[in-house]
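Residue numbers (this note's numbering): 70 to 503.
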């Protein structure tokens with residue numbers, strides 16, 4: 070059986086033998102020859118006839134090249150897949166074949182350890198810890214508590230509690246919340262710390278190994294020695310001498326017994342600090358503070374030698390009495406000259422003694438009201454005196470007072486060694502303020 074048809078030269082579609090246009094692509098096929106093809110045959114021309122169609126491309130050649138490339142690509146992919154499968158199988162196989170002969174291994178040989186012959190044991194020194202002594206409770210001394218009585222002052226209370234120096238005064242004021250040392254009330258309790266206990270001269274110290282002490286002292290000397298440090302050697306110029314500080318000495322006492330002022334002592338002893346000293350005052354003023362210690366050496370002027378002529382013995386000479394010690398006058402400290410006090414202020418006079426009083430001697434305070442002419446006197450053995458309110462002027466207004474301190478016998482009206490007179494201004498207390 071034959072099948073007559075027209076084959077489109079463009080899309081190779083089969084059309085009816087009487088068709089003028091390709092039903093698929095619309096190409097003119099009027100001139101295309103009708104083909105007769107038996108069942109299962111292929112009567113298509115192998116080559117493109119340029120006379121049939123409007124294109125210059127060989128459609129059969131193009132379609133054949135595409136099929137070749139597709140087949141080649143598929144073959145390459147299959148080859149790659151096969152190579153990958155073979156490689157995976159080779160990797161999964163064991164490294165050694167079961168039939169392979171086992172490699173010979175070397176048997177380890179045990180080495181004989183060297184023998185140690187024990188010798189004579191040697192004692193090893195081990196420092197045992199030294200047991201520390203159990204801490205013992207040191208009893209804390211209770212402070213000195215005093216109640217203010219009439220005529221008392223803060224300085225007198227401090228001295229009665231055993232202090233010989235007034236450097237504890239700021240501590241006592243801070244401990245008792247006192248802003249002004251002259252304003253304390255009768256009946257007020259004053260707490261004063263006890264002075265530091267001094268070393269007992271009768272106490273004996275524990276024996277110390279002299280060799281160990283010498284070694285320790287030598288080591289401290291070696292460590293503290295500085296070969297480049299300047300060496301300070303005390304010098305003494307001509308006309309000067311050394312004064313050795315004794316217990317309870319202060320710089321004012323040293324200046325007074327040698328009849329010099331603080332400025333001279335400061336010039337002669339530049340290594341000593343004269344804090345807050347007013348060199349315009351003979352003894353530095355009330356704020357002058359100089360720290361001294363026992364056995365300290367201070368340069369002072371040496372007394373000039375007095376030439377003496379040898380006496381001719383006549384047989385009727387009168388024995389010369391032994392010289393007696395000269396007692397210097399006290400030194401007024403406060404208040405400062407021309408100080409001013411309000412009506413309700415308490416006035417406290419202070420001075421410094423230049424020697425110890427005898428059993429029957431006292432300090433005599435003489436106070437004069439220069440405006441009214443009133444004169445008051447009082448005796449004390451303290452180094453201060455609080456002016457009683459009865460000495461204050463009963464009338465309002467400023468009153469000028471003059472005061473001095475001298476040394477007198479307790480039952481005698483005569484006095485000597487008086488300080489230079491000082492003055493202050495004190496406003497009188499009106500009757501309604503008394």
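Backbone N, C-alpha and C fix where the C-beta goes; we use that ideal spot for every residue, glycine too.
Review point. Who pairs with residue 460 in a beta bridge, going by DSSP?
Key: Beta-bridge pairing links residue 460 to no other residue.
Check your understanding: Is the CB of residue 215 under 8 Å away from at least one CB in chain C?
Key -> This model lacks chain C altogether; it includes just one protein chain.
Review point. In terms of DSSP beta bridges, what is residue 105 paired with?
Key: Beta-bridge annotation (DSSP): residue 105 is paired with 73.
Review point. Which one or two residues does DSSP pair with residue 467 in a beta bridge?
Key: 496, per the DSSP bridge assignment.
Review point. Excluding five sequence neighbours on each side, which residues of the same chain lie with their C-beta closer than 8 Å to the C-beta of residue 111?
Key: Residue placement at residue 111 is poorly supported in this model, since its pLDDT is 49, which falls under 50; the coordinates still yield a value, given next. For residue 111, where only same-chain residues beyond five positions count, there are no Cβ hits under 8 Å.
Practice item. Go ahead and pull the three-state DSSP assignment for residue 80. Key: In the structure shown, residue 80 sits in coil (DSSP, three-state: anything other than H, G, I, E or B).
**Study point:** With 16 other Cβ atoms within 10 Å as the buried cut-off, status of residue 339
**Key:** Residue burial annotation: residue 339 is exposed, with fewer than 16 other C-beta atoms found within 10 angstroms of its C-beta.
Check your understanding: Is the Cβ-Cβ distance between residue 452 and residue 495 less than 8 Å?
Key -> Not in contact: residue 452 and residue 495 (Cβ atoms no closer than 8 Å).
Review point. Excluding the five sequence neighbours on either side, which residues of its own chain have a C-beta within less than 6 Å of the C-beta of residue 320, listed in chain order?
Key: Taken in chain order, the residues that qualify are 359.
Review point. Measuring CB to CB, does residue 484 end up less than 8 Å from residue 433?
Key: Between residue 484 and residue 433, the C-beta gap is smaller than 8 Å, which places the two residues in contact.
Check your understanding: Is the CB-CB distance between residue 488 and residue 412 below 8 Å?
Key -> Not in contact: residue 488 and residue 412 (Cβ atoms no closer than 8 Å).
**Study point:** Pairwise C-alpha distance: residue 103 and residue 90
**Key:** Cα to Cα, residue 90 sits roughly 13 Å from residue 103.
**Study point:** First through last residue of the beta strand (DSSP E) which encompasses residue 418
**Key:** Boundaries of the beta strand (DSSP E) around residue 418: 417-421.
**Study point:** residue 532 - partner residues in DSSP beta bridges
**Key:** There is no way to answer for residue 532, as the model of the chain reaches only from 70 to 503.
Exercise for review: Ignore the nearest five residues each way along the sequence and tell me which others in residue 415's own chain have a CB closer than 8 Å to its CB.
Suggested key: If we look at residue 415 and ignore the five residues flanking it on each side, its Cβ neighbours are 251, 252, 455 and 456.
**Study point:** Same chain only: Cβ atoms within 8 Å of residue 254, ignoring 5 sequence neighbours per side
**Key:** Correct list, in chain order: 217.
**Study point:** Exposure of residue 363, with buried meaning 16 or more beta-carbon neighbours within 10 Å
**Key:** Exposed, by the Cβ-count rule.
Check your understanding: Can you tell me whether DSSP reads residue 359 as helix, strand or coil?
Key -> In this structure, residue 359 counts as coil in the three-state DSSP scheme.
Review point. What number of angstroms, rounded off, separates the C-alpha of residue 408 from the C-alpha of residue 307?
Key: Straight-line measurement puts the Cα of residue 307 at about 43 Å from the Cα of residue 408.
Practice item. Kindly indicate which three-state DSSP category residue 322 falls into: helix, strand or coil? Key: Helix.
Exercise for review: Can you say whether residue 504 is buried or exposed, counting buried as having 16 or more other CB atoms within 10 angstroms of its CB?
Suggested key: Any question about residue 504 goes unanswered here, given that the chain covers just 70 to 503.
Exercise for review: Report the partner residues of residue 370 according to the DSSP bridge assignment.
Suggested key: Residue pairing by DSSP puts residue 370 in a beta bridge opposite 309.
Point to revise | Where residue 78 falls, given that 16 or more other Cβ within 10 Å makes a residue buried | key: Here residue 78 is buried, its C-beta having at least 16 other C-beta atoms within 10 Å.
Exercise for review: Note down, in chain order, each residue of its chain lying with its Cβ closer than 7 Å to the Cβ of residue 467, except the 5 sequence neighbours on either side.
Suggested key: 494 and 496.
Point to revise | Per-residue DSSP class, three states only, for residue 488 | key: Reduced to three states, the DSSP call for residue 488 is coil.
Check your understanding: Helix, strand or coil: which one does DSSP assign to residue 229?
Key -> Note: residue 229 maps to helix in three-state DSSP.
Review point. Mind checking residue 402: buried by the 16 CB within 10 Å criterion, or exposed?
Key: With 16 or more other Cβ atoms within 10 Å, it is buried.
Review point. By how many angstroms is the C-alpha of residue 442 removed from the C-alpha of residue 490?
Key: Using only the alpha carbons, I get a separation of about 16 Å.
Exercise for review: Taking residue 354 as the reference, give the member of 445, 332, 371 and 341 with the closest Cα.
Suggested key: For residue 354, the closest C-alpha among the options 445, 332, 371 and 341 is that of 332.
Review point. Where does residue 159 land, buried or exposed, given buried means 16+ other C-beta within 10 angstroms?
Key: The residue is exposed, with fewer than 16 neighbouring Cβ atoms inside 10 Å.
Review point. What did DSSP end up calling residue 90 once you bin it into helix, strand or coil?
Key: In the three-state scheme derived from DSSP, where H, G and I count as helix and E and B as strand, residue 90 is classed as strand.
Practice item. Decide if residue 137 is buried, meaning its Cβ has at least 16 other Cβ atoms within 10 Å, or exposed. Key: With fewer than 16 Cβ atoms within 10 Å of its Cβ, residue 137 is classed as exposed.
Review point. So what's residue 150 in DSSP terms, helix, strand or just coil?
Key: Secondary structure of residue 150 (DSSP, three-state): helix.
Check your understanding: Beta-carbon separation of residue 260 and residue 329 under 8 Å?
Key -> For residue 260 and residue 329, no; Cβs fall outside 8 Å.
Review point. Under three-state DSSP, which class holds residue 240?
Key: Of the three classes helix, strand and coil, the one that applies to residue 240 here is helix, per DSSP.
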